[in-house]
Amino acid sequence: MSRQSRFAYAHLTPSHVKLSLGLSQELQRQIDNGRVKLGIKALIKAKSKLGGIFKYSYWLYNNCNILVVSPPNGALLGHRCVTKR
C-alpha cells in the first residue's frame, strides 16, 4: 500500500479578518507575550485507489490548535490536531 501526502503553503492574512474589540485585544496581548494560539478548522477530501479498479473518496474534518512564536518569525512551538471522518 503506497502512502501519499502533499504539502501546501497557506498564506494567512490576519489584516483582512474582522475581529471584535475583545478578540483584537486578546491577539495583541498574545503577540506582546511572544506566543500566539491559533485555531484552524479544515475540510479535506481524501481519495484512494485499490487495485486500479476501485476508487473512493471521503471527507476528513480537521480541528487543530497550534502555538507559534509571535510575528514576524512565527516558528511552531506546539500543536494538537483532531481528525474525524
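My numbering puts the first residue of the sequence shown at 16, with every later residue one more than the last. Backbone N, C-alpha and C fix where the C-beta goes; we use that ideal spot for every residue, glycine too.
query                                                                                                                                              : result
According to the Cβ coordinates, are residue 51 and residue 78 closer than 8 Å?                                                                    : no
Over the uninterrupted alpha helix (DSSP H) stretch that includes residue 39, give me the two end residues.                                        : 36 to 48
Under 6 Å Cβ to Cβ from residue 59, same chain only, skipping five residues before and after it: list those, please.                               : 75
Using a threshold of 8 Å, state whether the C-beta atoms of residue 80 and residue 100 are closer than that.                                       : no
Less than 7 Å between C-beta atoms, sequence neighbours within five positions excluded: which residues of the same chain meet that for residue 92? : 50, 82, 83 and 84
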